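Heads up, the thing below is written out as structure tokens.
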Amino acid sequence: MIESFEKIPVKIFTTSTEGSNAVAAQIASLIKERQAQKANCVLGMATGSTPILLYKELVRLHKEEGLSFKNVITINLDEYYPIDKTAYQSYWSFMHRHLFDLVDIKPENIHIPNGEWAQDSIKESCNAYEQIIEKVGGIDLQILGIGKNGHIGFNEPGSSFHSKTRVIHLDQQTRIANTYEFHDINKVPKLAITVGISSIMKAKKIVLLAWGNKAEIVAKAVEGVVTEQLPASVLQNHDDCTFVIDELASTDLTRNKSPWLTGNTDWTPALIKKAVVELALKLDKTILSLTANDYTENNLADLLVLKESVYDINLQVFYMLRDTITGWPGGKPNAVIPAHPERSNPHPKNVLIFSPHPDDDIISMGGTFMRLHDQGHEVHVGYQTSGNIAVTDEFVTRFLDFAVGFEELFGIDNKKSQTILTDARAFLAEKKSTHLDTAEIRAIKGLIRRCEAKATCRYVGLKDENHHFLDLPFYETGAIEKKPMSELDIKITMDFLNKLKPHQIYCAGDLADPHGTHKVCLEIIFESVRRLKAAGTDWVKDCWVWLYKGAWQEWEIAEIEMAVPMSPDQVLKKRFGIFIHQSQKDSVPFQGSDAREFWQRAEIRNANTADLYARLGLTKYAAIEAFVRWHY
Ligand code: F6R
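Note that our numbering numbers the sequence shown so that position 423 is 426, with each residue one more than the last.
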């Protein structure tokens with residue numbers, strides 16, 4: 004039945020690391036098979052955030068298992084145009100940084116469209132690139148990523164299925180999505196060179212990778228109509244194409260989104276809740292007013308067989324939703340409420356909020372943060388990264404000016420700070436979008452954010468010793484592109500957890516932030532908690548982990564396991580807490596495609612959750628913060 008929805012074979016892996024490793028193994032065996040035949044292996048390569056783990060694993064296979072790339076010829080898909088080859092953001096640099104410089108591939112076997120090709124002969128250069136593909140005998144295995152608009156390579160929506168290598172005008176959506184590689188949208192090239200769709204389709208085998216926040220476009224490409232408006236949909240016509248995706252990227256496939264449509268449904272309580280909530284929202288009815296007809300007319304007749312009456316199903320789901328709502332996120336003391344989302348005991352609890360960036364705590368769970376503190380729990384915040392790349396240069400000189408003025412005001416020798424200010428101004432005046440900040444400037448940017456986080460904790464009422472800055476090393480690259488998590492990140496986190504021994508942990512379960520920082524932060528926590536559990540650490544047995552979503556999205560209503568309502572006053576108090584993060588107001592670098600400020604996103608999102616609960620027939624609150632429990 005799934006096949007009738009999915010028109011491209013899809014392999015789903017639990018994590019992007021597992022998916023990447025499987026594809027790396029496939030590539031390795033292809034390379035070796037060709038070596039045995041004394042033949043070359045032609046690989047079509049992609050760039051962007053998606054293949055980074057794949058390249059990392061290929062490098063590991065080379066270094067640790069002796070995989071040689073001497074018989075490998077690579078053909079890259081695309082390049083910005085124009086761009087200096089050596090610019091940090093060029094795909095030429097990307098490929099050398101992540102793969103080519105780290106393996107034994109022959110330089111003459113590397114082919115990447117050249118961002119320095121002369122404009123007056125660009126057509127000829129593009130044609131010559133096509134000929135290279137033909138000369139090497141075509142691509143054996145093409146690796147693809149997918150843009151959120153469905154592009155493959157840089158073939159934007161509207162690209163002809165007959166297109167060949169050419170210069171293309173980048174979609175605004177693509178430029179916004181790739182702003183993270185440059186320092187501001189105006190610096191993102193407007194043009195790019197890309198291999199065409201017809202050239203991609205000639206590859207003997209295609210593997211498209213997609214992780215995390217690509218669920219919507221993956222479902223459309225795999226299950227929707229084939230159209231030039233969604234270039235990846237053309238892959239339905241390829242006879243050897245596979246999508247390798249992680250669980251997150253698979254959530255919009257019918258088999259996961261509405262599994263009852265694929266037949267043979269195993270009706271768990273969670274699935275009943277999902278189906279009934281979706282039905283009520285679709286029909287704009289409260290849960291308790293759904294009728295048997297509503298079920299039968301919407302493919303849910305199966306459910307009617309499960310229970311005595313439709314009202315029993317409605318009540319079951321209504322109670323499930325009702326029982327998620329609590330004003331006592333740390334558990335209600337001295338009360339026995341079996342269906343309450345949290346335990347009453349112990350009280351007060353040792354609560355640890357992990358905040359990936361210095362403002363996620365207040366943005367994503369500010370109301371709950373304040374409640375936990377006000378209800379007497381010992382609340383600690385662990386700021387996982389410094390967040391230093393999201394501070395504008397102007398803030399640096401402003402604060403250095405302050406430091407110099409402060410010392411002058413109190414008769415402190417300010418020669419040193421004066422020099423730091425002068426050096427910083429000189430560096431920033433010359434700084435190009437391809438330059439990384441100096442370590443000194445990064446440290447100052449980190450300090451600015453650290454002070455904002457401290458001020459927020461004080462605003463909530465925390466003692467100074469209850470905020471902690473972990474400055475996880477994976478983040479400290481100075482660039483948007485981060486390192487994968489390392490043993491050191493895990494060690495820092497495990498030591499920290501062992502010191503605090505929390506009864507309750509909150510962390511950002513949001514895997515869709517534009518730079519992937521939240522994802523790595525979450526993986527580090529998961530790995531640390533798992534290891535502590537495996538080692539039999541005592542406190543871990545009594546520790547519950549709750550996930551909140553970061554600034555970018557919210558949990559689906561049916562997924563929510565704890566819903567913490569907020570009064571209008573609490574909404575305002577949270578807003579002022581977010582305002583403390585002045586360096587993040589107005590135009591923040593790298594904020595992604597959403598132009599709204601963080602406090603606006605948070606308020607709209609929390610009001611929206613409250614509104615959805617009310618639409619389903621539950622009490623109407625001003626706002627609700629939502630959490631899902633991670634069972635480990
Ligand atoms: C890159 C490329 C693009 C990307 C796509 C996804 O060579 O051709 O199609 O694969 O834009 O980008 P990420 O992986 O950064 O989400």
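We put the CB at the ideal spot given by N, CA and C, even for glycine.
Quantities reported herein were computed from a predicted structural model and do not represent experimental measurements.
From which residue to which residue does the alpha helix (DSSP H) around residue i run?
i: arginine 533; result: 520–537
i: histidine 172; result: Per DSSP, histidine 172 belongs to no alpha helix (DSSP H); it is in the beta strand (DSSP E), 169–172.
i: serine 23; result: 19–39
i: glutamate 281; result: 272–286
i: tryptophan 602; result: 601–618
i: histidine 99; result: 94–101
i: aspartate 572; result: 571–582
i: isoleucine 179; result: 175–180
i: lysine 126; result: 125–138
i: lysine 260; result: 257–260
I believe residue i touches residue j by the beta-carbon criterion, under 8 Å. Please report the beta-carbon distance rounded to the nearest angstrom.
i: proline 234; j: isoleucine 142; result: Between isoleucine 142 and proline 234 the Cβ distance is about 17 Å, and since that is not below 8 Å, they are no contact.
i: threonine 496; j: isoleucine 528; result: 6 Å
i: aspartate 249; j: threonine 18; result: 6 Å
i: asparagine 348; j: proline 505; result: Between proline 505 and asparagine 348 the Cβ distance is about 15 Å, and since that is not below 8 Å, they are no contact.
i: valine 394; j: lysine 448; result: 4 Å
i: tyrosine 478; j: serine 389; result: 7 Å
i: valine 247; j: valine 26; result: 6 Å
i: arginine 452; j: asparagine 391; result: 7 Å
i: leucine 212; j: glycine 22; result: 7 Å
i: valine 106; j: histidine 65; result: 4 Å
i: serine 161; j: glutamate 68; result: Before going on, a small fix: residue 161 reads as glycine here, not serine. No, glycine 161 and glutamate 68 are not in contact; Cβ-Cβ is about 43 Å, not under 8 Å.
i: asparagine 43; j: valine 139; result: 7 Å
Thinking just about the alpha-carbon of each residue, which of the options is nearest to the one in residue i?
i: tyrosine 183; options: Ser19, Gly51, Ile527, Phe402; result: Gly51
i: glutamate 381; options: Glu557, Thr168, Glu484, Asp467; result: Asp467
i: glutamine 378; options: Ile366, Asp107, Gly334, Val384; result: Gly334
i: alanine 195; options: Phe103, Trp95, Asn112; result: Trp95
i: glutamate 621; options: Pro568, Glu600, Thr480, Phe582; result: It is worth fixing the name first, because residue 621 is leucine in this sequence and not glutamate. Of the candidates Pro568, Glu600, Thr480, Phe582, the one whose C-alpha sits nearest the C-alpha of leucine 621 is Pro568.
i: leucine 550; options: Trp558, Tyr616, His584; result: Trp558
i: glutamine 585; options: Phe601, Gln573, Ser570; result: Phe601
i: aspartate 326; options: Ile560, Ala206, His383, His471; result: Ile560
i: glutamine 603; options: Phe630, Ala180, Val574, Tyr624; result: Val574
i: lysine 59; options: Lys73, Thr20, Asn79; result: Thr20
i: leucine 251; options: Phe16, Lys494, Gln145; result: Phe16
i: glutamate 9; options: Val170, Arg178, Val229, Tyr132; result: Val229
i: aspartate 174; options: Gly153, Cys510, Phe164, Phe185; result: Gly153
i: cysteine 129; options: Leu61, Ser202, Gly140; result: Ser202
i: valine 384; options: Phe398, His360, Lys73; result: His360
i: threonine 299; options: Thr329, Asp255, Leu264; result: Leu264
i: phenylalanine 185; options: Lys576, Gly481, Ala625; result: Gly481
i: isoleucine 108; options: Ile607, Thr89, Leu61, Leu274; result: Leu61
i: alanine 605; options: Tyr616, Ala629, Arg618, Lys623; result: Ala629
From what residue to what residue does the beta strand (DSSP E) around residue i run?
i: arginine 346; result: That residue, arginine 346, is in no beta strand (DSSP E); it is neither H nor E in DSSP.
i: alanine 629; result: 626–633
i: phenylalanine 164; result: It is not in any beta strand (DSSP E) - phenylalanine 164 carries neither H nor E in the DSSP assignment.
i: isoleucine 146; result: 144–147
i: threonine 245; result: 244–249
i: isoleucine 392; result: Taken as a continuous stretch (DSSP letters only), isoleucine 392 belongs to no beta strand (DSSP E), as it is neither H nor E.
i: leucine 544; result: At residue 544 the sequence reads lysine, which differs from the leucine that was named. Premise fails: lysine 544 is in no beta strand (DSSP E) and is neither H nor E.
i: valine 13; result: 13–16
i: glycine 553; result: It is not in any beta strand (DSSP E) - glycine 553 carries neither H nor E in the DSSP assignment.
i: histidine 383; result: 381–386
Could you check if residue i belongs to the surroundings of the ligand HEM, using beta carbon to heavy atom distance under 8 Å?
i: serine 52; result: Within the structure as shown, the ligand HEM is missing, the only ligands being the ligand F6R.
Q: Say whether the stretch 555–564 touches the stretch 523–531, bearing in mind that this needs 3 or more beta-carbon pairs closer than 8 Å, one atom from each stretch.
A: Taking a contact to require three or more Cβ pairs closer than 8 Å, the stretch 555–564 and the stretch 523–531 do not qualify as touching.
* Asked: Is it a yes or a no for the stretch 277–284 touching the stretch 292–308, going by three-plus beta-carbon pairs under 8 Å?
  -> A contact exists between the stretch 277–284 and the stretch 292–308.
Answer yes if the stretch 201–220 comes into contact with the stretch 135–149, meaning at least three C-beta pairs across the two stretches below 8 Å, and no otherwise. Judged by Cβ distances under 8 Å, the stretch 135–149 makes contact with the stretch 201–220, as three or more pairs qualify.
Next item on the list: Give a yes or no on contact between the stretch 115–126 and the stretch 80–88, applying the rule of three or more CB pairs nearer than 8 Å.
Entry: By the criterion of at least three beta-carbon pairs nearer than 8 Å, the stretch 115–126 is in contact with the stretch 80–88.
Q: Pick out the complete beta strand (DSSP E) segments inside the stretch 188–228, 3 residues or longer, and give them in chain order.
A: The qualifying runs are 194–197, 208–213.
So, does the stretch 91–106 touch the stretch 54–67, judging by three or more C-beta pairs under 8 Å?
With contact defined as three or more Cβ pairs closer than 8 Å, the stretch 91–106 and the stretch 54–67 are in contact.
Exercise for the section: Please determine if the stretch 575–582 and the stretch 357–373 are in contact, where contact requires at least 3 C-beta pairs separated by less than 8 Å. Expected result: Result yes; three or more Cβ-Cβ pairs closer than 8 Å.
Exercise. Counting only runs that start and end within the stretch 480–510, where is the alpha helix (DSSP H) found for 4 or more residues in a row?
Worked result: For the stretch 480–510, whole alpha helix (DSSP H) runs of length 4 or above, ordered along the chain, are 490–503.
Practice item. Count the C-beta pairs between the stretch 281–295 and the stretch 237–248 that are closer than 8 Å, then say yes if the count reaches three, no if not. Key: Fewer than three pairs of CB atoms, one per stretch, sit closer than 8 Å, so the stretch 281–295 makes no contact with the stretch 237–248.
Problem - alpha helix (DSSP H) segments (min. 4 residues) lying fully within the stretch 285–368 - result: Whole alpha helix (DSSP H) segments, 4+ residues: 295–300, 304–309, 313–325.
**Message:** Counting beta carbon pairs with one atom in the stretch 480–488 and one in the stretch 309–318, are three or more of them shorter than 8 Å?
**Reply:** Touching, no, given that fewer than three Cβ pairs across the two stretches are closer than 8 Å.
Review point. If you scan the stretch 46–87 from start to end, which runs of the beta strand (DSSP E) of 3 or more residues do you find wholly inside it?
Key: Segments of the beta strand (DSSP E) lying fully in the stretch 46–87: 75–79, 81–84.
Quick check for students: name the residue ranges of the alpha helix (DSSP H) that lie wholly in the stretch 398–469, counting only runs of 4 or more.
Qualifying alpha helix (DSSP H) stretches, in chain order: 418–433, 442–463.
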